[in-house]
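Peer 1: Residue numbers (the working numbering): 39 to 244. Here's a structure for you.
So, in structure tokens, the structure goes:
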């Protein structure tokens with residue numbers, strides 16, 4: 039099943055990414071129509087991702103390095119993708135760890151677990167058995183994982199996936215308008231910088 043999921047992710051990502059190099063802008067990003075509202079005054083960059091996606095795993099290193107030096111007028115927001123019910127536990131894990139302030143320090147471990155070590159993280163119990171030895175409090179994590187606020191965050195993530203028309207991962211969206219997907223990590227970062235530059239130009243025109 040895990041191999042099937044990974045194959046599906048790769049296939050869908052490549053299918054969606056096939057449009058990325060034929061952008062009407064002449065660059066390596068496409069224009070989302072209609073554009074979506076953003077949640078910050080800064081230039082918002084969304085990464086739609088799934089820990090079990092091999093392409094997300096390979097982008098993670100480059101995007102993490104980029105985040106450390108990203109421009110001050112940019113805000114990076116991660117959105118866990120839920121294409122099927124079996125992906126929801128990872129979305130809940132992401133948001134629970136974020137609420138506990140431990141998400142950033144455990145991202146690498148979660149990507150490694152899925153893409154290198156083939157760890158079964160299909161439900162809360164298995165996830166807790168993986169996270170507890172890495173410094174996560176079982177009771178606090180479980181409370182966050184099952185909270186009402188968590189239900190709202192998962193619902194919001196699903197709404198965003200539909201609103202942005204996300205068909206594959208990883209997908210970056212800049213300023214609710216410019217979409218980058220289907221490229222190698224270094225090319226993704228270059229296209230991301232191009233899209234941010236375009237978003238700045240858009241702001242100056244207003």
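Each residue gets a CB set at the ideal place from its N, CA and C atoms; glycine is no exception.
1. Can you look up residue 117 in the DSSP assignment and give me helix, strand or coil?
2. What is the rounded straight-line gap between the Cα of residue 192 and the Cα of residue 121?
3. From residue 179 to residue 173, what does the alpha carbon distance come to, in whole angstroms?
4. Taking Cβ positions, are residue 88 and residue 112 nearer each other than 8 Å?
5. Look up residue 149 in the DSSP assignment and say whether it is helix, strand or coil.
6. Is it buried or exposed, residue 232, if we count other Cβ atoms within 10 angstroms and call 16 or more buried?
7. Determine the DSSP secondary structure at residue 87, reduced to helix, strand or coil.
8. Taking the CB atoms as reference points, tell me whether residue 66 and residue 218 lie closer together than 8 Å.
9. Return the CA-CA distance between residue 137 and residue 184, expressed in angstroms with no decimal places.
10. Just the C-alpha distance for residue 52 and residue 188, rounded to the nearest angstrom, thanks.
11. Can you tell me which of the three DSSP states residue 234 falls into?
12. Check for me: the alpha helix (DSSP H) holding residue 95 runs from which residue to which?
13. When the Cα atoms are used, what is the spatial distance from residue 70 to residue 125?
14. To which residues of the same chain is residue 230 closer than 6 Å at the C-beta, ignoring the five residues directly before and after it?
15. Given a threshold of 16 other Cβ atoms within 10 Å of its Cβ, counted over all protein chains shown, does residue 58 qualify as buried or as exposed?
16. Do residue 214 and residue 75 have their C-beta atoms within less than 8 Å of each other?
17. Mark residue 201 as exposed unless 16 or more other C-beta atoms lie within 10 angstroms of its C-beta, in which case mark it buried.
Peer 2: Working from what's here:
1. Translated into the one-based positions of the chain shown, residue 117 becomes position 79. Three-state DSSP puts residue 117 in a strand.
2. The sequence position of residue 192 within the chain shown is 154, counting from 1. The sequence position of residue 121 within the chain shown is 83, counting from 1. Cα-Cα distance, rounded: 12 Å.
3. Looking up residue 179 in the chain shown gives position 141. Looking up residue 173 in the chain shown gives position 135. Taking the straight line from one Cα to the other gives about 11 Å.
4. Here the question's residue 88 lines up with position 50 in the chain shown. Here the question's residue 112 lines up with position 74 in the chain shown. No; because the gap between Cβ atoms is not below 8 Å, this pair is not in contact.
5. Reading the chain shown from its first residue, position 111 is the one you call residue 149. Looking at residue 149 - three-state DSSP - the assignment turns out to be helix.
6. If you number the chain shown from 1, residue 232 lands on position 194. Buried: at least 16 other Cβ atoms inside 10 Å.
7. Residue mapping note: residue 87 aligns to position 49 of the chain shown, counting from 1. In the structure shown, residue 87 sits in a strand (DSSP, three-state: E or B).
8. Within the chain shown, numbered from 1, the residue matching residue 66 stands at position 28. Within the chain shown, numbered from 1, the residue matching residue 218 stands at position 180. Taking 8 Å as the Cβ cut-off, residue 66 and residue 218 qualify as a contacting pair.
9. Taking the first residue of the chain shown as 1, we reach residue 137 at position 99. Taking the first residue of the chain shown as 1, we reach residue 184 at position 146. Taking the straight line from one Cα to the other gives about 12 Å.
10. Residue mapping note: residue 52 aligns to position 14 of the chain shown, counting from 1. Residue mapping note: residue 188 aligns to position 150 of the chain shown, counting from 1. Bear in mind that a pLDDT of 35 at residue 52, under 50, signals an unreliable position, so the model cannot answer this.
11. In the chain shown, counting from the first residue as 1, residue 234 sits at position 196. Note: residue 234 maps to helix in three-state DSSP.
12. Looking up residue 95 in the chain shown gives position 57. Looking at the DSSP string, the run of the alpha helix (DSSP H) that includes residue 95 is 92-106.
13. Numbered from 1 along the chain shown, position 32 holds the residue referred to as residue 70. Numbered from 1 along the chain shown, position 87 holds the residue referred to as residue 125. Spanning the two alpha carbons is a distance of roughly 25 Å.
14. Against the chain shown, residue 230 aligns to sequence position 192. Cβ neighbours of residue 230 beyond the five flanking positions: 210, 218.
15. The residue labelled residue 58 in the question sits at position 20 within the chain shown. Residue confidence is low: residue 58 scores 35 on pLDDT, short of 50, so the model does not pin down where it sits. Its coordinate-derived value is still stated next. By the neighbour-count rule (16 or more Cβ atoms within 10 Å), residue 58 is buried.
16. Position 176 of the chain shown, counted from the first residue, corresponds to residue 214. Position 37 of the chain shown, counted from the first residue, corresponds to residue 75. Cβ distance < 8 Å, so residue 214 and residue 75 count as in contact.
17. Taking the first residue of the chain shown as 1, we reach residue 201 at position 163. Per the 10 Å Cβ criterion, exposed.
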